[in-house]
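Its first residue numbered 4, the sequence shown is counted upward by one per residue in the numbering used here.
Ideal Cβ positions, reconstructed from N, Cα and C, are used throughout, including at glycine.
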Amino acid sequence: MKAWEDAFVYEHLEYYGVSKKVIDAMNIIDRKLFVPEEYSESAYVDTPLPIGHGQTISAPHMVGLMCEYLELTEGDKVLEIGTGSGYNAAVMSVLVGVSGWIYTIERIPELAQKASEKLEKLGIKNVTVIIGDGKNGLIEYAPFDKITVTCYARKIPEKLIEQLNTNGIMVIPIGDEFVQVLNKITKLEDNLRIERLSYVKFVPMV
C-alpha cells in the first residue's frame, strides 16, 4: 500500500532531508493502520498523535529523520526503546530487510500487545516486541548495530552504550521536560562521537 504517495507529507519529508530510501520504506507501511480510529483522518498529517496511556506516535518527519540518522542498512540488528504504536519498528523492519532484525521494548503491556498484533497482521516477521524496562536495554540480545530511543533521557544511558557495537549508532533525545536535543552517538574504539542535531519534543523515559 502506497500510504504517502499522493499525500502532502511525501514532499514534506524530502524538504526535511529524508532520503528516497527511507521515504520508500515509509510508503510500504501505512501509518493509518497504527493510529487510533478517532484520529484516522489525521493519519497522513505531519504531526504526532495520541495513542493512549499518555503516549504518542511520532510525526512522520521525525520517524523519517531518526531512521535517516541511524543509517540503517540490510542485516542490521536494531534495538528500539519505546515501541509505542509499532509504526517506527515496522518502517525500520523494511530498511534492515529479511536478514536484519528489530528488537523493540515497550513498558506498557497494552501498547506492546496492540503493536504485536498490528505487526503480525501486516506479515512482518523480523520484529520482536518485548515488554520491559527500556532503560536496561536488552543484554541477552546484545550487541546491537543500531539503537533508537523514542523517549527522552536526562543523560546518555551507559547501559545502552555498553550494548552497542563498535562503530554502532544510537539516536536519542537528551534533555528534560522543557528542552530536548536529538543526539546521534557513534561508539568508536575508545570514545564516543556525539552530534547534536535538533531540538525535539518527546515523552520521558520512565
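Nearest by alpha-carbon distance to I188: which of Y72, T86, H56 is it?
Ranking Y72, T86, H56 by Cα distance to I188 puts Y72 first.
Can you give the Cα-Cα distance for E17 and G55, rounded to whole angstroms?
Between E17 and G55, the C-alpha separation is close to 29 Å.
In the structure shown, what three-state DSSP assignment does F37 receive?
Note: F37 maps to helix in three-state DSSP.
Three or more C-beta pairs under 8 Å: does that hold for the segment 20 to 28 against the segment 58 to 76?
The segment 20 to 28 vs the segment 58 to 76: in contact.
For the beta strand (DSSP E) holding E109, just list the boundary residues, first then last.
Note, E109: beta strand (DSSP E), 104 to 109.
With DSSP as the reference, label A156 as helix, strand or coil.
A156: strand per DSSP, three-state reduction.
Nearest to G89 by alpha carbon, out of E40, D193, L68, L125?
Checked all of E40, D193, L68, L125; the closest Cα to G89 is L125.
Using a Cβ-Cβ cutoff of less than 8 Å, which residues in the same chain neighbour V81 once the five nearest sequence positions on both sides are dropped?
So the list reads L73, L75, M95, V99, G103, W104, I105, Y106, F147, D148, K149, I150, T151, once near-sequence residues are dropped.
DSSP three-state call for P207: helix, strand or coil?
Three-state DSSP puts P207 in a strand.
Where does S22 fall in DSSP's three states?
In this structure, S22 counts as coil in the three-state DSSP scheme.
Tell me, please, whether the segment 105 to 119 touches the segment 169 to 178 by the rule of three or more beta-carbon pairs shorter than 8 Å.
Not touching, per the Cβ criterion.
Under a Cβ-count criterion, where at least 16 other Cβ atoms within 10 Å of its own Cβ denotes burial, should E143 be classed as buried or exposed?
It counts as exposed.
Any contact between the segment 43 to 63 and the segment 130 to 138? By contact I mean 3 or more CB pairs, one from each, below 8 Å.
At 8 Å Cβ cutoff, the stretches do not touch.
From this set, I134, V38, L195, V184, which residue's C-alpha is nearest I164's C-alpha?
The option with the nearest alpha carbon to I164 is L195.
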